[in-house]
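Visitor: Starting off with a structure, shown below.
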Amino acid sequence: MSFFKILPFFLHAMGFLTCCVETVPPKGPTSLYNSLESLFGGTFKSDFFIPTHRSNDAVNKSSDLNCANFNSSCLWRNDPTNDDDFKWAVGSGQPDMRKFRVLMRSTVLPGGNDGKFAILRTTQPQPANRQAMLVSNVILCQTSPGTLSFRFWSSPRVLLKICTRSPNAGTYFHKCFDFERREGGSLISVPVQYSYMRPFEIVFVASNFIIRSRRRLAGVVIIDDITYYASICNRKTIRTFKRPTSKPRTIQPEKLLIRTSFDQERFEHACEQLQCSFNEDESGSQPCANYLLRNVKVTSGKSGNRHTGINAAYSGPYGYVNGPGNVIMLQSHAFQIPTKARLRFCYNAPDYESRLSVEAFSDDGKQVVFESPVLNIEKLEKWKCVTPILNPGNYNTLEFKAKKLRNEYSYLAIDEIALVDLNNGTTFC
Numbered sequence: 001m002s003f004f005k006i007l008p009f010f011l012h013a014m015g016f017l018t019c020c021v022e023t024v025p026p027k028g029p030t031s032l033y034n035s036l037e038s039l040f041g042g043t044f045k046s047d048f049f050i051p052t053h054r055s056n057d058a059v060n061k062s063s064d065l066n067c068a069n070f071n072s073s074c075l076w077r078n079d080p081t082n083d084d085d086f087k088w089a090v091g092s093g094q095p096d097m098r099k100f101r102v103l104m105r106s107t108v109l110p111g112g113n114d115g116k117f118a119i120l121r122t123t124q125p126q127p128a129n130r131q132a133m134l135v136s137n138v139i140l141c142q143t144s145p146g147t148l149s150f151r152f153w154s155s156p157r158v159l160l161k162i163c164t165r166s167p168n169a170g171t172y173f174h175k176c177f178d179f180e181r182r183e184g185g186s187l188i189s190v191p192v193q194y195s196y197m198r199p200f201e202i203v204f205v206a207s208n209f210i211i212r213s214r215r216r217l218a219g220v221v222i223i224d225d226i227t228y229y230a231s232i233c234n235r236k237t238i239r240t241f242k243r244p245t246s247k248p249r250t251i252q253p254e255k256l257l258i259r260t261s262f263d264q265e266r267f268e269h270a271c272e273q274l275q276c277s278f279n280e281d282e283s284g285s286q287p288c289a290n291y292l293l294r295n296v297k298v299t300s301g302k303s304g305n306r307h308t309g310i311n312a313a314y315s316g317p318y319g320y321v322n323g324p325g326n327v328i329m330l331q332s333h334a335f336q337i338p339t340k341a342r343l344r345f346c347y348n349a350p351d352y353e354s355r356l357s358v359e360a361f362s363d364d365g366k367q368v369v370f371e372s373p374v375l376n377i378e379k380l381e382k383w384k385c386v387t388p389i390l391n392p393g394n395y396n397t398l399e400f401k402a403k404k405l406r407n408e409y410s411y412l413a414i415d416e417i418a419l420v421d422l423n424n425g426t427t428f429c
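According to UniProt numbering, the sequence shown is numbered sequentially starting from 1.
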């Protein structure tokens, strides 16, 4: 056989070798992350490992821990105990939607706010108890319950939990909340319990990268859009604060009736979390900014059609959602109710099947605060204002949910949320 006859076969073989050699990822701990593009397709990639050490600055205000772009200003770090090949990294880019949906069971993509997200990945099965921690800078102390919100995605079996601990305490945690895989990209809100004038850290703990699939799909967890809300101490308040040494002064019940300012003071924290009118303030900030607006749109005019839509506002801008299905509208941050009070709000549910449910969640479980009744069809298009009772206690969140929205033409609106006195209806806010 002549050389010219075998030349095409030789060139084909060389091309195959070139292809295969170029697709082998480089060795080293970063190769696991640089191969994100081969796993998810598109332009999905890892940019760099999140540092193990951040600035030593304590958290002075809760927004210091808000993190969407995961740049150098984010006060979150890899725990020093994380292995070199098992660290949180900063990722970016857009994956191939089909590949992403197969592994993460979601069509919602991370990086929605600015294209960046935190990712932890392994390509080999790991012991179930092997974990990697993403840790906040030290919070000097909280003076009220807090709320940590974030979005996360995970591959099958990977577990994520949110814990608090004393500074640099390793895996000796105070309290943890566990999360199993759920609809990827869902907004999660976690109560952050505070210790009386004690410093602590918040920790994301990922584990259970066992990868038992026949296809040996990688174990992946992604976090994005971290926000933290709480009243916290700073170094100045730590120095000036003195722990009370005597019993608090007892206030006689008959005096409480005339001390309106006292009641307003007691309910000040709850009002900060629960009051909402959807009106923009003078600074033009987001309406109802103290709530997490889940799926809510804001308008002051009509929305939807004249049969199952909102035909008129109640008193200005209002929030609304449309179907189908059950749709979460609003979620509050954690709050305290010192004594029985009424939650006042107005709603409009023009579709005859639509319902509004208001539920309060605490460590003791769920409490249904309000469930809208079956209404007279003649009154469906009217706004209804109600004042259900809120019992005293510490609550993790208050949730407004629209239920049984038949289709995309079914609307439900809400407005004017406030706390009022149990007996006379005067506002505390």
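Cβ coordinates follow ideal geometry from the N, Cα and C atoms, glycine included. Only a predicted model underlies this, so the values are computations on that prediction, with no experimental measurement involved.
1) Kindly indicate the opening and closing residues of the alpha helix (DSSP H) around glutamate 37.
2) Could you compute how far the alpha carbon of isoleucine 210 sits from the alpha carbon of proline 125?
3) What are the boundary residues of the alpha helix (DSSP H) that valine 102 is part of?
4) Report all residues from its chain with a CB closer than 6 Å to the CB of cysteine 176; omit the five preceding and five following residues, and keep chain order.
5) With a threshold of 7 Å on Cβ separation, who are the neighbours of alanine 132 within its own chain once the five nearest residues in sequence on each side are excluded?
6) Mind checking who tyrosine 228 pairs with in its DSSP beta bridge?
7) I think tyrosine 229 touches serine 62, with their Cβ atoms under 8 Å apart; what is that distance to the nearest whole Å?
8) In chain order, what residues of the same chain lie with their CB nearer than 6 Å to the CB of threonine 43, ignoring the 5 residues before and after it?
9) Taking only the alpha-carbon atoms, compute the straight-line gap between arginine 355 and cysteine 288 and give it to the nearest angstrom.
10) Do glycine 323 and alanine 413 have their C-beta atoms within less than 8 Å of each other?
11) Roughly how many angstroms lie between the CA atoms of phenylalanine 200 and valine 298, to the nearest whole one?
12) Residues in the same chain with beta-carbon distance under 7 Å from proline 244, minus the five sequence neighbours each way, listed in chain order, please.
13) Check the C-beta distance from threonine 227 over to glutamine 331 and give it rounded, since I have them as a contact under 8 Å.
14) Using a threshold of 8 Å, state whether the C-beta atoms of proline 338 and proline 392 are closer than that.
15) Counting along the chain, where does the beta strand (DSSP E) carrying phenylalanine 173 start and finish?
16) Taking valine 358 and phenylalanine 400 to be in contact with their CB atoms under 8 Å, please state how far apart those CB atoms are, rounded to whole angstroms.
17) Who are the near neighbours of histidine 333 in its chain, counting only those whose CB is closer than 6 Å to its CB and skipping five residues on each side?
18) Starting from the N-terminal side, write out each stretch of the beta strand (DSSP E) that is 3 residues or longer and does not extend beyond the segment 331 to 362.
19) Quick one: Cα of tyrosine 314 to Cα of aspartate 415, how far?
20) Here's the rule I'm using: 16 or more other beta-carbon atoms within 10 Å means buried, otherwise exposed. How should asparagine 78 be labelled?
21) When the distance is taken between beta carbons, is lysine 340 closer than 8 Å to leucine 422?
22) Hey, proline 127 and phenylalanine 117: beta-carbon distance below 8 Å or not?
23) Assign alanine 132 to one of three DSSP states: helix, strand, or coil.
24) Tell me, to the nearest whole angstrom, how far the beta carbon of cysteine 276 is from that of asparagine 290; I am working on the premise that it is less than 8 Å.
25) According to the neighbour-count rule (16 or more other Cβ atoms, all chains shown, within 10 Å of its Cβ), is aspartate 363 buried or exposed?
26) Is any heavy atom in the ligand FMN found nearer than 7 Å to the beta carbon of threonine 308?
27) Please report how far the alpha carbon of glycine 316 lies from the alpha carbon of isoleucine 310, in whole angstroms.
28) For glycine 219, count neighbouring Cβ atoms within 10 angstroms of its own Cβ and tell me buried if that reaches 16, exposed if not.
29) At the level of alpha carbons, what is the spacing between alanine 58 and arginine 406?
30) Have a look at histidine 269 and leucine 36 and give me their C-alpha separation to the nearest angstrom.
31) Can you tell me whether DSSP reads cysteine 288 as helix, strand or coil?
32) To the nearest angstrom, how far is the alpha carbon of valine 190 from that of phenylalanine 370?
33) Identify, in the order they occur along the chain, each residue of the same chain with its Cβ nearer than 8 Å to the Cβ of serine 144, setting aside the five sequence neighbours on each side.
34) May I ask you to report which of helix, strand or coil DSSP gives cysteine 271?
Guide: Considering the structure as presented:
1) Locating residue 37 in the sequence shown gives position 37, counting from the first residue. Per DSSP, glutamate 37 belongs to the alpha helix (DSSP H) from 36 to 40.
2) As a working note, residue 210 is residue 210 in the sequence shown. As a working note, residue 125 is residue 125 in the sequence shown. One C-alpha to the other measures close to 5 Å.
3) Residue 102 sits at position 102 when you count from the first residue of the sequence shown. Per DSSP, valine 102 belongs to the alpha helix (DSSP H) from 97 to 104.
4) The residue you call residue 176 lines up with position 176 of the sequence shown. A distance below 6 Å between beta-carbons, with the five flanking residues on each side excluded, links cysteine 176 to the following residues of its chain, in chain order: Lys161, Cys163.
5) Within the sequence shown, residue 132 is the residue found at index 132, counting from 1. Closer than 7 Å at the Cβ level, and outside the excluded window around alanine 132, lie Asn82, Phe86, Lys87, Trp88, Leu120, Ala206.
6) For the purposes of this step, residue 228 is taken as residue 228 along the sequence shown, with counting starting at 1. Answer by DSSP bridge pairing, in chain order: Leu148.
7) As a working mapping, residue 229 is identified with position 229 in the sequence shown. As a working mapping, residue 62 is identified with position 62 in the sequence shown. Rounded, the Cβ-Cβ distance is 5 Å, consistent with contact.
8) Along the sequence shown, read from residue 1 onward, the residue named residue 43 stands at position 43. Closer than 6 Å at Cβ, skipping near neighbours: Gly93, Gln94.
9) Taking the first residue of the sequence shown as position 1, residue 355 is located at position 355. Taking the first residue of the sequence shown as position 1, residue 288 is located at position 288. Rounded to the nearest whole angstrom, the CA to CA distance from arginine 355 to cysteine 288 is 22 Å.
10) Numbered from its first residue, the sequence shown carries residue 323 at position 323. Numbered from its first residue, the sequence shown carries residue 413 at position 413. Against a cut-off of 8 Å, the Cβ pair of alanine 413 and glycine 323 comes out as no contact.
11) By 1-based counting over the sequence shown, the position of residue 200 is 200. By 1-based counting over the sequence shown, the position of residue 298 is 298. Approximately 38 Å between the Cα atoms of the pair.
12) To locate residue 244, count along the sequence shown from 1; it is residue 244. Residue placement at proline 244 is flagged as unreliable, the pLDDT there being 37, under the threshold of 50; the coordinate-derived value follows with that caveat. There are no such residues.
13) On the sequence shown, residue 227 is found 227 positions in, with the first residue counted as 1. On the sequence shown, residue 331 is found 331 positions in, with the first residue counted as 1. Incorrect: roughly 12 Å between the Cβ atoms, too far for contact.
14) As a first step, residue 338 is located in the sequence shown; it is residue number 338 there, counting from the start. As a first step, residue 392 is located in the sequence shown; it is residue number 392 there, counting from the start. Yes; because the gap between Cβ atoms is below 8 Å, this pair is in contact.
15) Taking the first residue of the sequence shown as 1, we reach residue 173 at position 173. Counting along the chain, the beta strand (DSSP E) containing phenylalanine 173 begins and ends at 173 to 179.
16) The residue you call residue 358 lines up with position 358 of the sequence shown. The residue you call residue 400 lines up with position 400 of the sequence shown. With 8 Å as the limit, valine 358 and phenylalanine 400 qualify as a contact, their Cβ atoms being about 6 Å apart.
17) Within the sequence shown, the letter at position 333 stands for residue 333. Here histidine 333 has Thr147, Tyr229, Gln273 as same chain residues with Cβ atoms under 6 Å from its own Cβ, once five neighbours each way along the sequence are excluded.
18) The beta strand (DSSP E) runs lying completely inside the segment 331 to 362 and spanning 3 residues or more are 335 to 337, 341 to 348, 355 to 362, given in chain order.
19) As a first step, residue 314 is located in the sequence shown; it is residue number 314 there, counting from the start. As a first step, residue 415 is located in the sequence shown; it is residue number 415 there, counting from the start. If you take the alpha carbons of tyrosine 314 and aspartate 415, they lie about 7 Å apart.
20) If you number the sequence shown from 1, residue 78 lands on position 78. Residue burial annotation: asparagine 78 is buried, with at least 16 other C-beta atoms found within 10 angstroms of its C-beta.
21) Counting from 1 along the sequence shown, the entry for residue 422 is found at position 422. Counting from 1 along the sequence shown, the entry for residue 340 is found at position 340. With respect to lysine 340, leucine 422 sits close: the two C-beta atoms are nearer than 8 Å.
22) Residue numbering aside, residue 127 sits at position 127 when the sequence shown is read from its first letter. Residue numbering aside, residue 117 sits at position 117 when the sequence shown is read from its first letter. Going by C-beta atoms, proline 127 is not nearer than 8 Å to phenylalanine 117.
23) For the purposes of this step, residue 132 is taken as the residue at position 132 of the sequence shown. Three-state result, alanine 132: strand.
24) Counting from 1 along the sequence shown, the entry for residue 276 is found at position 276. Counting from 1 along the sequence shown, the entry for residue 290 is found at position 290. Cysteine 276 to asparagine 290, Cβ: 7 Å. Contact.
25) Locating residue 363 in the sequence shown gives position 363, where the first residue counts as 1. Aspartate 363 comes out exposed.
26) The ligand FMN is absent from the structure shown, which contains no ligand whatsoever.
27) As a working mapping, residue 316 is identified with position 316 in the sequence shown. As a working mapping, residue 310 is identified with position 310 in the sequence shown. Cα to Cα, glycine 316 sits roughly 13 Å from isoleucine 310.
28) Numbered from 1 along the sequence shown, position 219 holds the residue referred to as residue 219. Around the beta carbon of glycine 219, 16 or more other beta carbons sit within 10 angstroms, so the residue counts as buried.
29) Residue numbering aside, residue 58 sits at position 58 when the sequence shown is read from its first letter. Residue numbering aside, residue 406 sits at position 406 when the sequence shown is read from its first letter. Answer to the nearest angstrom: the Cα atoms are 49 Å apart.
30) Position 269 of the sequence shown, counting from 1, holds the residue named residue 269. Position 36 of the sequence shown, counting from 1, holds the residue named residue 36. Their backbone Cα atoms lie some 44 Å apart in a straight line.
31) For the purposes of this step, residue 288 is taken as the residue at position 288 of the sequence shown. Cysteine 288: coil per DSSP, three-state reduction.
32) Along the sequence shown, read from residue 1 onward, the residue named residue 190 stands at position 190. Along the sequence shown, read from residue 1 onward, the residue named residue 370 stands at position 370. Rounded to whole angstroms, valine 190 to phenylalanine 370 spans 23 Å at the Cα level.
33) Indexing the sequence shown from 1 puts residue 144 at position 144. Hits under 8 Å: Tyr194, Ala230, Ser231, His269, Ala334, Gln336.
34) Along the sequence shown, one-based indexing puts residue 271 at 271. Cysteine 271: helix per DSSP, three-state reduction.
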